[in-house]
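Q: Chains as they are written, first to last, in the numbering used here: chain D, 3 to 336; chain H, 24 to 274. Where a beta carbon is used, it is the ideal one built from N, C-alpha and C, also for glycine.
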Amino acid sequence: MTSLDPGLPEEEDRQLIQMVSYKYEAEVKDLLLKNPDYLGKIVPIKLTASDDVDQVHKGNYPRDIPEENRRVNDYQLQIYDMLNERGDILSEFNISFFTSPDSREAELAGIASSFMGTVFSILVCLAFSFPVAVLAAIYLEEFAPKNKFTDFIEVNINNLAAVPSIVFGLLGLGVLLAVFNLPRSTPLVGGITLSLMTLPTIIIAARASLKAVPPSIREAALAIGASNMQTTMHHTVPLSMPGTLSGTIIGLAQALGETAPLILIGMVAFVNTIPGTPVDPAASLPVQIYIWSESAERGFVEKVSACIMVLLAFLILMNLAAQIVRHKFEKKWS
Amino acid sequence: MSKIKAENVNVYYGSKQALFDVSIDIAEKEVTALIGPSGCGKSTFLRCLNRMNDVIEICRVEGSIKMDNLELNSRKLDVVRLRENVGMVFQKPNPFPKTIYENVAYGPTIHGIAQSKEEMDQIVETSLKKAALWNEVKDRLDEIGTGLSGGQQQRLCIARAISVSPEVILMDEPCSALDPIATAQIEELIDDLKKEVTIVIVTHSMSQAARVSQKTGFFHLGKLIEFGPTDKIFKNPDNQQTQDYITGRFG
Ligand SMILES: Nc1ncnc2c1ncn2[C@@H]1O[C@H](COP(=O)(O)OP(=O)(O)OP(=O)(O)O)[C@@H](O)[C@H]1O
Ligand SMILES: [Mg+2]
């Protein structure tokens, strides 16, 4: 299928084809597969417009500049006006934005790949940083002797929290990719890199909330004959959980918007498949914003806006979910 | 009969000495009151008896403290067993932020005392009854313990302490945060408890010491100045300092 109207001269036919998205071949095929009897007949068909026509339709494209500087020529504008007058140009909710991976064509590009990439990265980040951070905080706060060595560790955790994220990206590149040979551009590597950043944040928050548990509770447990381990696990840690969880959210929220380290470990690659596991190549939402904002086509401006909204919605949802969890804990202990 | 026998106990916080050569005999199933001005080391001594001073890193205890001929001030001592046998009630009520039931059941749970749910229910009920709290809370055992009034919380802490049937209960100013009615209830409780357990109580109230105790020890500046039957300490002390403290001339 290379022609929209076999009766037209070749040049005009080509210009007509340029008005619709590359997807038109698949769209025609789908229609025919669904309705085999359409073959050989003239029927109406709904095709996705190209991003240029889309911009004309939205009034974002200047019509008054000379034709040779325009991406939509006079012939195409004429066709567009004709279709528009007949009411044949429809604006519909772009579901495929959420279900398609990235594409070079603005009208086809979607966030499915980067969204899944972000989800997997955050999950990997949580899985690596939360247990390590909480255990480290419990050890440092409840069991470690106070000496020069633990002081040294404490100072370094605080320093770690202040390290610029790009440095963690370089670490991921140098260690995870180069030494351990983990698959490049994957949420697994991205998540581990991000977890290095969230680790100190969670440790600091968990220690602060462990410290905030009143000593009288510890004394009460010890005095009834609980061991140090029992006192910690039955009383101190559960009481510190709300604070620890809110610290974790703050850490994950930072990680969610992090771009620089992900670019370094290759999650900036053009990915036109949707990752099904954390070891498939993927982008992430903030990196997707970065990639699209560098594109020349006007159509990507809207993609960037939409992607930012999705990212913000994701953040709000995460905070909400965490607040609910937190609230549940607090009720139990108030 | 002597339950706890302390000999030449010296306690140091870092380089600062808080107790000097304290020797005392605490009799079984009696109430022993420790009195003295603030900072004289009453709490420090009390905490030697269940090794709570272990928690304070800079604290060092020297000397011998024997309970039923078992040396308490020894590295080899099983502190968990000791604290199961020697309960403690603190100055400020400190129930766990859990339900009333869980507060009382915690000790028996970690020490594996109850074999079944029924047995645990029984222990919780008996402990709360002994602590004179059962009637007030029996319909709301699953409410949070910290939601009770101050006096009720303190009795809950006493119930928690007796839930593991300790032989000794240490009380560090248990009534200082309570009103006179709650105080009277606790004193009555102490009177009941002494039939079964040995009680050591630190108090700032002379009248309370006189009311509840059989023996009284007077501490001053880390030394045990005088120790003897409460009657004698209050009516006819040997030492001039004791006399002055009791009559309120200093302290
Ligand atoms: N954790 C600690 N670190 C350092 N010094 C301490 C500590 N606890 C108590 N001390 C010191 O030991 C001495 C005795 O204190 P302790 O708490 O035993 O007094 P007390 O008789 O119980 O006083 P109060 O009637 O005010 O409770 C005090 O001088 C106090 O400063
Ligand atoms: Mg004291």
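Using only alpha-carbon positions, find the residue among D:A323, D:S307, D:A285 and D:I252 that is nearest to D:S295.
A: Of D:A323, D:S307, D:A285 and D:I252, the residue nearest in Cα terms is D:S307.
Q: Starting from D:Q232, find everything on chain H with Cβ-Cβ shorter than 7 Å and list it in chain order.
A: I133, listed in chain order.
Q: In chain order, what residues place their C-beta within less than 5 Å of a heavy atom belonging to ligand 1?
A: The filter returns H:Y36, H:A41, H:S61, H:G62, H:C63, H:G64, H:K65, H:S66, H:T67 and H:I79, in chain order.
Q: Would you call H:G12 buried or exposed, if buried means 16 or more other Cβ atoms sit within 10 Å of its Cβ?
A: Any answer about residue 12 of chain H is impossible in this case: the structure gives chain H only from 24 up to 274.
Q: Return the chain-ordered list of same chain residues with a C-beta closer than 7 Å to the C-beta of D:A1, the five sequence neighbours on each side being excluded.
A: No information on residue 1 of chain D is available, as it lies outside the stretch 3 to 336 that chain D covers here.
Q: Along the beta strand (DSSP E) that carries H:Y36, what are the first and last residues, could you check?
A: Run containing H:Y36: S25 to Y36, per the beta strand (DSSP E) assignment.
Q: Give me the chain B residues within the contact set of H:R98, using Cβ-Cβ distance strictly less than 7 Å, ordered along the chain.
A: No chain B is present in this structure, whose protein chains are D and H.
Q: Taking DSSP as the reference, what is the three-state secondary structure of D:S93?
A: Note: D:S93 maps to coil in three-state DSSP.
Q: Counting only beta-carbon atoms, is H:V103 nearer than 7 Å to chain D?
A: By this cut-off, H:V103 is an interface position.
Q: With a threshold of 6 Å on Cβ separation, who are the neighbours of D:G268 within its own chain once the five nearest residues in sequence on each side are excluded?
A: If we look at D:G268 and ignore the five residues flanking it on each side, its Cβ neighbours are R186 and S187.
Q: If you draw a straight line from the C-alpha of D:S403 to the C-alpha of D:L322, how long is it?
A: Not covered by the structure: residue 403 of chain D. The range shown for chain D is 3 to 336.
Q: Apply the 10 Å Cβ neighbour rule to D:E94 and answer buried if 16 or more other Cβ atoms are within range, or exposed otherwise.
A: Result: exposed.
Q: Go ahead and pull the three-state DSSP assignment for D:K150.
A: Three-state result, D:K150: helix.
Q: Need the endpoints of the alpha helix (DSSP H) that D:K213 sits in, please.
A: P189 to K213 is the extent of the alpha helix (DSSP H) around D:K213.
Q: Straight-line CA distance for D:F170 to D:E260?
A: Going from the Cα of D:F170 to the Cα of D:E260 covers about 11 Å.
Q: Quick check on D:I318: buried or exposed, where buried means 16 or more other Cβ atoms within 10 Å of its Cβ?
A: Exposed: under 16 other Cβ atoms inside 10 Å.
Q: Would you call the stretch 217–228 of chain D and the stretch 95–115 of chain H touching, i.e. three or more CB-CB distances under 8 Å?
A: A contact exists between the stretch 217–228 of chain D and the stretch 95–115 of chain H.
Q: The alpha helix (DSSP H) that contains D:M243, what's its start and end?
A: Counting along the chain, the alpha helix (DSSP H) containing D:M243 begins and ends at V239 to L258.
Q: Tell whether a beta-carbon distance below 7 Å holds between D:L41 and D:V22.
A: No.
Q: Give the interface partners of D:G245 over in chain H, defined as CB-CB distance under 7 Å, in chain order.
A: Within 7 Å Cβ-Cβ: nothing; D:G245 doesn't reach chain H, min ~14 Å.
Q: Compute the beta-carbon to beta-carbon distance between H:F257 and H:A233, rounded to the nearest angstrom, for a pair I have assumed lies under 8 Å.
A: The pair is a contact, with the Cβ atoms about 5 Å apart (cut-off 8 Å).
Q: Got a sec, what are the start and stop residues for the beta strand (DSSP E) H:S87 sits in?
A: First-last of the beta strand (DSSP E) with H:S87: C82 to M90.
Q: Please tell me whether D:S167 and D:M199 are closer than 7 Å, where the distance is taken between their beta carbons.
A: Their beta carbons are under 7 Å apart, which means D:S167 touches D:M199 by this criterion.
Q: Taking Cβ positions, are H:N73 and H:M24 nearer each other than 7 Å?
A: The answer is no: Cβ separation not under 7 Å.
Q: Helix, strand or coil for D:P38, going by three-state DSSP, please let me know.
A: Looking at D:P38 - three-state DSSP - the assignment turns out to be helix.
Q: Under 8 Å Cβ to Cβ from H:A154, same chain only, skipping five residues before and after it: list those, please.
A: Around H:A154: R178, L179, I181, A182, I185 and L212.
Q: Just mark D:G278 as buried or exposed, buried being the case when its beta carbon has 16 or more other beta carbons within 10 Å.
A: Classification for D:G278: exposed.
Q: For D:A222, decide whether its Cβ has a neighbour in chain H, counting only Cβ atoms nearer than 7 Å.
A: Chain H, which has a Cβ nearer than 7 Å to the Cβ of D:A222, makes this yes.
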